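Visitor: For the sequence shown, the residue numbers in the numbering used here are 635 to 831. The beta carbon of each residue, even a glycine, is placed where N, CA and C say it ideally should be. Keep in mind the model is a prediction, meaning the values are calculated, not measured.
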Amino acid sequence: MRFIVAAILFCLAGTGLSAQTVKTARKDSTIQVVIVNGDTLWHIDLKEVVIFPPKTFKSRSDEKQYWRLVYNIKKVLPYSKIIAATVNEVEFKLGSLTNDRERKKFIKNMEDSLWKRYEPDMRQMTTTQGELLFKLVDRETSNSSYFWIESFRGSVSAFFWQGVARLFGTNLKSKYDPTGEDALIEQIVKYIEKGIL
635 MRFIVAAILF CLAGTGLSAQ TVKTARKDST IQVVIVNGDT LWHIDLKEVV
685 IFPPKTFKSR SDEKQYWRLV YNIKKVLPYS KIIAATVNEV EFKLGSLTND
735 RERKKFIKNM EDSLWKRYEP DMRQMTTTQG ELLFKLVDRE TSNSSYFWIE
785 SFRGSVSAFF WQGVARLFGT NLKSKYDPTG EDALIEQIVK YIEKGIL
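#1: Buried or exposed: which applies to GLU753, given that a residue is buried once 16 or more other Cβ atoms fall within 10 Å of its Cβ?
#2: When we look at the beta-carbon of ILE685 and count the other beta-carbons within 10 Å, is it buried (16 or more) or exposed?
#3: In angstroms with no decimal places, state the Cα-to-Cα distance between TYR835 and ARG787.
#4: Straight-line CA distance for ASP679 to GLN666?
#5: State yes or no: is the C-beta of LYS750 within less than 9 Å of the C-beta of PHE740?
#6: Would you kindly work out how many angstroms separate the C-alpha atoms of ASP755 and ASP734, rounded to a whole number?
#7: So with Cβ pairs under 9 Å, would you call THR761 a contact of chain D?
#8: Hey, would you say GLN796 sits closer than 9 Å to TYR810, going by beta carbons?
#9: Excluding the 5 residues flanking GLN821 on each side, which residues of the same chain have their C-beta closer than 6 Å to its C-beta?
#10: Tell me the DSSP secondary structure of ILE685 in three-state form.
#11: How many whole angstroms separate the CB atoms of SER778 and SER808, which I take to be in contact at a CB cut-off of 8 Å?
#12: Does ASP696 pass the burial test, meaning 16 or more other C-beta atoms within 10 Å, or should it be called exposed?
#13: According to DSSP, simplified to helix, strand and coil, what is ILE830?
#14: Exposed or buried, VAL724, counting other C-beta atoms within 10 Å across all chains shown (16 or more means buried)?
#15: What runs of the beta strand (DSSP E), each 3 residues or longer, lie entirely inside the segment 721-793?
#16: Less than 9 Å between the C-beta atoms of LEU703 and LEU818, yes or no?
#17: Output the distance between the C-alpha atoms of GLY814 and LYS742, rounded to the nearest integer angstrom.
#18: If you count every other CB in all the chains shown that lies within 10 Å of the CB of ARG773, and 16 or more means buried, which is it?
#19: Find the nearest neighbour of GLY764 within the set SER785, ASP746, LEU675, ALA799, judged by alpha-carbon distance.
#20: Could you please give the first and the last residue of the uninterrupted beta strand (DSSP E) stretch that includes ASP673?
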């Protein structure tokens, strides 16, 4: 019995000493070791878990509207992410250009290449999908579509495109409100990003 107690104490003492000498785990490990006041603490980064209540519908019509919204968001969400990446790329490149002529030329070339690549898809979008895209651009970039057009093309161009958008019943200045009127959109986006929908 004494031998078993001695062996257990020896094992515990050995692990305590070796654990305090380790500062971090392997680089590819999700488990990290942190030493605080001589105590070894395990630190694990966990992915965010989002839980929403089960979706209930008042009528068949409400259910159809919900699934139509899901369809529309799935269609425009990738474009909002592309726009966010493009905006970051353009802002970075513009920071390195020294004069206005180079900036205008770069913006024109970028606009032409994007137009060639995405024009057919954009022309196929409905007004509802366009409005969702404006909101999701605000979600991804923290600024409205109007702001980005004004920043890159000028206020006259932004005013013109805002007028065109108003003719179709949308607004380039649409702000995204994830806790208010756009809470359902936010829920669907999170479901899509997590692979649930």
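Guide: For this structure:
#1: For this step, residue 753 is matched to residue 119 along the sequence shown. An exposed status is given to GLU753, since fewer than 16 other beta-carbon atoms sit within 10 Å of its beta-carbon.
#2: Counting from one through the sequence shown, the residue named residue 685 turns up at place 51. Answer is exposed; the Cβ neighbour count stays below 16.
#3: Residue numbering for the chain in the displayed model covers 635 to 831; residue 835 lies beyond these limits and cannot be assessed.
#4: Residue 679 sits at position 45 when you count from the first residue of the sequence shown. Residue 666 sits at position 32 when you count from the first residue of the sequence shown. When rounded, the distance between both Cα atoms is 8 Å.
#5: Walking along the sequence shown from the start, residue 750 turns up at place 116. Walking along the sequence shown from the start, residue 740 turns up at place 106. Result no, Cβ atoms of LYS750 and PHE740 do not sit closer than 9 Å.
#6: Reading the sequence shown from its first residue, position 121 is the one you call residue 755. Reading the sequence shown from its first residue, position 100 is the one you call residue 734. ASP755 and ASP734: Cα-Cα distance of roughly 31 Å.
#7: Absent from the structure: chain D. Only one protein chain is present.
#8: As a first step, residue 796 must be located in the sequence shown, where it is residue number 162. As a first step, residue 810 must be located in the sequence shown, where it is residue number 176. Contact: no.
#9: The residue given as residue 821 occupies position 187 in the sequence shown. Excluding residues within five positions, the ones whose Cβ falls inside 6 Å are PHE686.
#10: Numbered from its first residue, the sequence shown carries residue 685 at position 51. Note: ILE685 maps to coil in three-state DSSP.
#11: Your numbering for residue 778 matches position 144 in the sequence shown. Your numbering for residue 808 matches position 174 in the sequence shown. Indeed they touch by this definition, with Cβ atoms about 6 Å apart.
#12: Within the sequence shown, numbered from 1, the residue matching residue 696 stands at position 62. When all chains shown are included, ASP696 counts as exposed.
#13: Along the sequence shown, one-based indexing puts residue 830 at 196. If DSSP states are grouped into helix, strand and coil, ILE830 belongs with coil.
#14: Sequence index remark: in the sequence shown, residue 724 carries index 90 (1-based). Burial call: buried.
#15: none
#16: As a first step, residue 703 must be located in the sequence shown, where it is residue number 69. As a first step, residue 818 must be located in the sequence shown, where it is residue number 184. Cβ atoms of LEU703 and LEU818: closer than 9 Å.
#17: Residue 814 sits at position 180 when you count from the first residue of the sequence shown. Residue 742 sits at position 108 when you count from the first residue of the sequence shown. Approximately 37 Å between the Cα atoms of the pair.
#18: Residue numbering aside, residue 773 sits at position 139 when the sequence shown is read from its first letter. ARG773 should be labelled buried.
#19: Reading the sequence shown from its first residue, position 130 is the one you call residue 764. Measuring from the Cα of GLY764, the nearest candidate turns out to be ALA799.
#20: Reading the sequence shown from its first residue, position 39 is the one you call residue 673. Per DSSP, ASP673 belongs to the beta strand (DSSP E) from 673-678.
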